[in-house]
Amino acid sequence: MKQATAAAAMAAALLFVGTGAAQAGTGSAEDADEGRVIVREATEADHCEDVGGGTWCYGWGLDSSGLKSCYSNYFHPANRHSAWASIGASEDRDVQDGGLTARAYAVAGHAFTCHVKYNPDAS
Numbered sequence: 000m001k002q003a004t005a006a007a008a009m010a011a012a013l014l015f016v017g018t019g020a021a022q023a024g025t026g027s028a029e030d031a032d033e034g035r036v037i038v039r040e041a042t043e044a045d046h047c048e049d050v051g052g053g054t055w056c057y058g059w060g061l062d063s064s065g066l067k068s069c070y071s072n073y074f075h076p077a078n079r080h081s082a083w084a085s086i087g088a089s090e091d092r093d094v095q096d097g098g099l100t101a102r103a104y105a106v107a108g109h110a111f112t113c114h115v116k117y118n119p120d121a122s
């Protein structure tokens with residue numbers, strides 16, 4: 000009985016880990032160095048990483064009315080660059096010159112998934 004329970008728990012854990020990896024996104028930080036964008040399901044409340052020669056912060060939370068919001072902020076010191084956020088039918092994109100932060104913010108209901116990306120060279 001204990002072996003069956005342990006096997007079921009292990010199978011559930013592997014299924015959960017596999018599902019999480021599939022939801023993590025379609026890009027990688029290495030892609031960004033080649034001028035591509037990253038599209039990623041924002042599964043963390045707040046996350047920052049150094050990518051594409053700049054700093055990208057993204058995440059999700061609840062706005063003052065209780066709706067789910069997502070954001071993508073990207074700073075690049077030299078290049079014209081952009082940030083993009085989408086959830087449900089809400090989408091926002093911001094383009095800024097080097098030295099300024101591009102900020103994108105979108106809001107929808109709890110059932111929707113937040114997607115974010117950046118572009119280190121939006122010229």
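Heads up: the sequence shown is residues 0 to 122, going by numbering that gives the first Met the number 0.
All C-beta atoms, glycine included, are put in the ideal place defined by N, C-alpha and C.
Notebook entry, point to check: By a C-beta neighbour count over all protein chains shown, 10 Å radius and 16 as the cutoff for buried, is residue 69 buried or exposed?
Noted result: buried
Notebook entry, point to check: Which same chain residues, not among the five before or five after residue 62, have their C-beta less than 8 Å away from its C-beta?
Noted result: 68 and 106
Checklist line | Residue nearest to residue 50 in terms of C-alpha spacing, selected from 44, 40 and 82 | finding: 82
Checklist line | Same chain only: Cβ atoms within 7 Å of residue 108, ignoring 5 sequence neighbours per side | finding: 66, 67 and 87
Check: What does residue 100 pair with, by DSSP beta-bridge criteria?
Finding: 74
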